[in-house]
Structure formats: C-alpha cells, structure tokens
Amino acid sequence: MPRIAKYTDEDFARLRESANVVAVTLAEVAKVIAPGVPLTYLDQIGEQCIRDHHAVPACKGYMGYPAALCLSVNDVVVHGIPYPDIYLRDGDIVSVDCVAKLNGYHGDFCYTFEVGQVAEETKLLLKRTKEALYKAVEVAKEGHVFAEIGAAVERYVSQFGYSVPAEFTGHGIGVGMHEEPSIPNYSVRQFNNLSRTRIEKGMSFCIEPMVKIGKGQNGSKFRSRFDNDEWTARTPDGNPAAHFEHQLIVTDKGTEVISSYKLLGEVIGTEELY
Ligand code: MF3
Ligand code: CO
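Next comes the structure, spelled out in structure tokens:
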C-alpha cells in the first residue's frame with residue numbers, strides 16, 4: 002500500500018522557501034509575457050530566476066522533459082514544451098507551470114496568463130478555473146478526505162459545461178516532486194484507500210485544476226491527445242484549456258496555502274486571494 006508522507010515543521014519551513022522561489026519566478030516570467038515573445042525566452046527567464054535563488058529547475062531532465070518550465074498555449078492542457086518556433090500571439094493564453102527544488106524540497110505551482118486581448122469566453126474560463134481552485138482549497142481542510150477536492154472542482158466547473166482531464170491530477174509534494182496521493186480533478190466514486198484518506202497535519206500537496214471549455218468524451222471528463230513528443234497534451238476538440246495550481250501544507254494551525262500569486266498579481270494588475 003502506498004503511503005502519504007508526513008512532514009515536520011522544519012520540512013515545512015523549507016517547503017515555504019521553495020514555494021517562494023516559484024512565486025518570484027512566476028512574477029519574473031509574467032513581466033515578459035507579451036505578443037511576439039518566444040516561449041524559449043520565458044523558459045530562459047524562468048530558469049535563470051530559479052538558479053539565481055540557488056534552486057534547481059526540477060522539471061528539466063525529469064523523465065526526459067527538456068525545459069525548466071511547462072508552457073502550455075491555448076489548446077495545450079499541460080506539459081507544453083517551449084520549442085524555439087513558438088511565439089506568443091495576441092489573444093493567446095499561456096499557462097506557466099514551474100517546479101523548483103531548493104535544499105531537497107519542491108515548490109510547484111502554475112498560473113494561466115492572458116496575452117494581449119483575449120476573447121471574453123476565454124477570460125471566463127480563466128476566472129472560473131481559478132475559482133474552482135479556491136473551491137477546492139476550501140475543502141482541503143483537516144478531517145476532510147482527499148476525494149472531496151476533485152469533487153469540488155468537477156462540481157464547480159461542470160455547471161458551465163466545462164470538463165477536466167481524465168489523466169492529469171494534483172499530487173503530494175515534498176522531497177519528491179510527485180508523491181502520494183494523486184488528487185484527480187473529478188469526483189472519485191470508486192473507494193480508493195488514499196482518496197478516502199483524511200487530510201491531516203504533516204501532509205503537503207498540490208491542487209491543480211486543468212479545465213477546458215466544452216464537454217469531454219465522457220461528459221465532464223475529457224481525454225487528451227498527445228503530440229509526437231509524448232509530452233504536449235492537447236484538448237481533443239482544440240478548445241482552450243486553463244491550469245491553476247496551488248501548494249498546500251497542513252500545520253498545527255490547519256491548512257496553509259504556501260504558494261502565492263500576489264507577487265505576480267502586482268505585475269499583471271490582478272487582486273489575488275493567495
Ligand atoms: N507541475 C507539473 C506537475 O505537477 C510538473 C511537471 S514537470 C514535467 O505534474 F517534467 F513533468 F514536465
Ligand atoms: Co503539480
């Protein structure tokens with residue numbers, strides 16, 4: 002039986018430092034997001050910022066992933082590779098997913114940005130995906146079971162006719178980038194020991210709704226199409242997808258969101274809750 006790692010207050014102090022590296026990095030990347038900018042430039046800025054903080058870009062080399070950041074444009078759900086021929090265009094959305102490892106502990110979070118003037122329905126997708134993340138954070142409290150997180154996401158986004166991926170989930174995080182449990186973005190009906198585990202002090206995990214406009218092959222769930230690189234995951238219908246991720250720990254005082262969008266909110270002019 003796989004187990005969910007428990008972390009100490011000292012571990013949590015390290016995890017907050019790693020999360021801070023990601024917060025600063027996302028803000029640095031946000032500064033250069035504009036029409037005409039190549040994805041490789043965003044990746045360069047991100048990697049430099051991570052290294053300037055004496056951290057390591059944990060995605061680079063992970064199962065052969067070639068870059069520091071995952072940069073997913075429009076219909077790319079996750080794990081978009083910053084190829085040299087991809088330039089941001091007016092009206093695009095781009096999710097910037099960043100994992101930094103500092104002192105052996107991982108920080109991992111993601112934000113989806115607008116590039117120039119974005120269609121109203123796409124803006125709504127971003128707003129509602131972020132709202133879904135906050136609904137999920139609200140149920141990620143001690144005493145609740147992990148399965149409630151995905152149920153909250155699915156319940157919130159399905160009212161708009163949106164869908165969530167069958168294959169990509171949130172996850173435990175700490176010494177490993179991906180630890181138990183897997184945290185799907187949909188309701189898990191099957192009784193699975195880990196998804197039925199109660200959230201307790203010492204746990205550390207990421208919640209990361211990925212949401213596309215329109216229903217999937219399976220109602221509120223969709224299956225992605227993969228490019229030949231076997232990383233780039235696209236929506237099956239070409240509709241845009243958004244991705245927001247926060248990182249949480251459970252201390253004596255309860256659940257704490259250790260990721261923060263506040264720094265990048267100052268760059269893009271948004272009011273961010275966390
Ligand atoms: N933030 C992504 C995740 O939680 C990180 C993927 S890194 C990659 O899965 F190396 F797999 F691309
Ligand atoms: Co993650």
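Number 172 in my numbering belongs to position 171 of the sequence shown; there are no gaps in the numbering. Heads up, the beta-carbon is just placed ideally off N, CA and C, and yes, glycines get one too. All values reported here derive from a predicted model rather than from experimental measurement.
| request: May I have a chain-ordered list of the alpha helix (DSSP H) segments no shorter than 4 residues that lie completely inside the stretch 111-170? | output: 121-140, 148-159
| On the three-state DSSP scale, how would you describe Phe223? | Residue numbering aside, residue 223 sits at position 222 when the sequence shown is read from its first letter. Strand.
| Alpha carbon of Tyr88 to alpha carbon of Gly81, nearest angstrom | Translated into the one-based positions of the sequence shown, residue 88 becomes position 87. Translated into the one-based positions of the sequence shown, residue 81 becomes position 80. Computed Cα separation, rounded: 13 Å.
| said: For a test of your reading of the model: does the CB of His247 fall under 7 Å from any non-hydrogen atom of the ligand MF3? Yes or no. | reply: Position 246 of the sequence shown, counted from the first residue, corresponds to residue 247. Every heavy atom of the ligand MF3 is 7 Å or more from the Cβ of His247, so no.
| task | Could you pull out every residue in the same chain whose Cβ sits closer than 7 Å to the Cβ of Val38, ignoring the five residues on either side in sequence? | result | Your numbering for residue 38 matches position 37 in the sequence shown. Contacts found: Tyr88, Leu89.
| Among Tyr8, Val30, Gly47, which has the Cα closest to the Cα of Phe114? | Numbered from its first residue, the sequence shown carries residue 114 at position 113. For the residues Tyr8, Val30, Gly47, the minimum Cα distance to Phe114 belongs to Val30.
| task | Indicate the three-state DSSP secondary structure (helix, strand or coil) for Gln248 in the structure shown. | result | Within the sequence shown, residue 248 is the residue found at index 247, counting from 1. Correct three-state label for Gln248: strand.
| query | Among all the DSSP beta bridges, which residues are the ones paired with Met211? | reply | The count along the sequence shown starts at 1 and reaches residue 211 at position 210. Met211 is bridged to His244.
| Where Asp253 and Ala6 are concerned, what is the direct C-alpha to C-alpha distance, given to the nearest angstrom? | What you label residue 253 is simply residue 252 of the sequence shown in a count that begins at 1. What you label residue 6 is simply residue 5 of the sequence shown in a count that begins at 1. Roughly 16 Å between the two C-alpha positions.
| query | Do you know how far the Cα of Gly215 is from the Cα of Ile94? | reply | Position 93 of the sequence shown, counting from 1, holds the residue named residue 94. Position 214 of the sequence shown, counting from 1, holds the residue named residue 215. Looking at the two C-alpha atoms, the distance is approximately 17 Å.
| request: Look at Gly108 and Val22 and say whether their C-beta atoms are less than 8 Å apart. | output: As a first step, residue 108 must be located in the sequence shown, where it is residue number 107. As a first step, residue 22 must be located in the sequence shown, where it is residue number 21. Their beta carbons are under 8 Å apart, which means Gly108 touches Val22 by this criterion.
| field | From Asp98, Arg17, Asn194, Phe169, residue whose alpha carbon lies closest to that of Val74 | value | Start at 1 with the first residue of the sequence shown, and residue 74 comes out as number 73. The residue with the shortest Cα to Cα distance from Val74 is Asp98.
| query | Is any heavy atom of the ligand CO found at a distance shorter than 7 Å from the C-beta of Cys60? | reply | Here residue 60 refers to the residue found at position 59 when the sequence shown is read from its first residue. Answer for Cys60: no, Cβ out of range of the ligand CO.
| message | Between the alpha carbons of Leu249 and Gln218, how many angstroms are there, rounded? | response | To locate residue 249, count along the sequence shown from 1; it is residue 248. To locate residue 218, count along the sequence shown from 1; it is residue 217. The straight-line gap from Cα to Cα measures roughly 31 Å.
| request: Report the option in Gly92, Ser225, Gly177 whose CA atom is closest to the CA atom of Lys102. | output: For this step, residue 102 is matched to residue 101 along the sequence shown. When only C-alpha atoms are compared, the closest one is Gly177.
| field | Three CB pairs or more closer than 8 Å across the stretch 59-68 and the stretch 190-210 | value | no
| field | Start-to-end residues for the alpha helix (DSSP H) that takes in Val268 | value | Numbered from its first residue, the sequence shown carries residue 268 at position 267. Segment 263-269, the alpha helix (DSSP H) holding Val268.
| field | For Ser19, the first and last residue of its enclosing alpha helix (DSSP H) | value | Taking the sequence shown and counting its residues from 1, the one referred to as residue 19 is at position 18. Counting along the chain, the alpha helix (DSSP H) containing Ser19 begins and ends at 10-33.
| task | Check whether the Cβ atoms of Val258 and Thr130 lie closer than 8 Å to each other. | result | Your numbering for residue 258 matches position 257 in the sequence shown. Your numbering for residue 130 matches position 129 in the sequence shown. Not a contact, by the Cβ cut-off of 8 Å.
| request: Mind reading off the beta-carbon distance from Gly151 to Asn186? Whole number of angstroms is fine, and I expect it under 8 Å. | output: For the purposes of this step, residue 151 is taken as the residue at position 150 of the sequence shown. For the purposes of this step, residue 186 is taken as the residue at position 185 of the sequence shown. Correct: roughly 5 Å between the Cβ atoms.
| field | Option in Ala20, Ala14, Glu11, Asp230 with minimal Cα separation from Glu246 | value | Walking along the sequence shown from the start, residue 246 turns up at place 245. Taking only the C-alpha atoms, the option nearest Glu246 is Ala20.
| task | Give me the Cα-Cα distance between Glu289 and Arg199, rounded to the nearest whole angstrom. | result | Outside the shown range of the chain, which is 2 to 275, sits residue 289, and nothing can be said about it.
| Straight-line gap, Ala35 to Glu180 (C-alpha atoms, nearest Å) | Walking along the sequence shown from the start, residue 35 turns up at place 34. Walking along the sequence shown from the start, residue 180 turns up at place 179. Those two C-alpha atoms are separated by around 35 Å.
| field | Check whether Lys142 and Gly255 have beta carbons under 8 Å apart | value | Translated into the one-based positions of the sequence shown, residue 142 becomes position 141. Translated into the one-based positions of the sequence shown, residue 255 becomes position 254. Cβ distance < 8 Å, so Lys142 and Gly255 count as in contact.
| task | Quick one: residues in its chain with C-beta nearer than 7 Å to the C-beta of Glu48, no 5 flanking neighbours on either side, listed in chain order? | result | Walking along the sequence shown from the start, residue 48 turns up at place 47. Result list for Glu48: Pro58, Ala69, in chain order.
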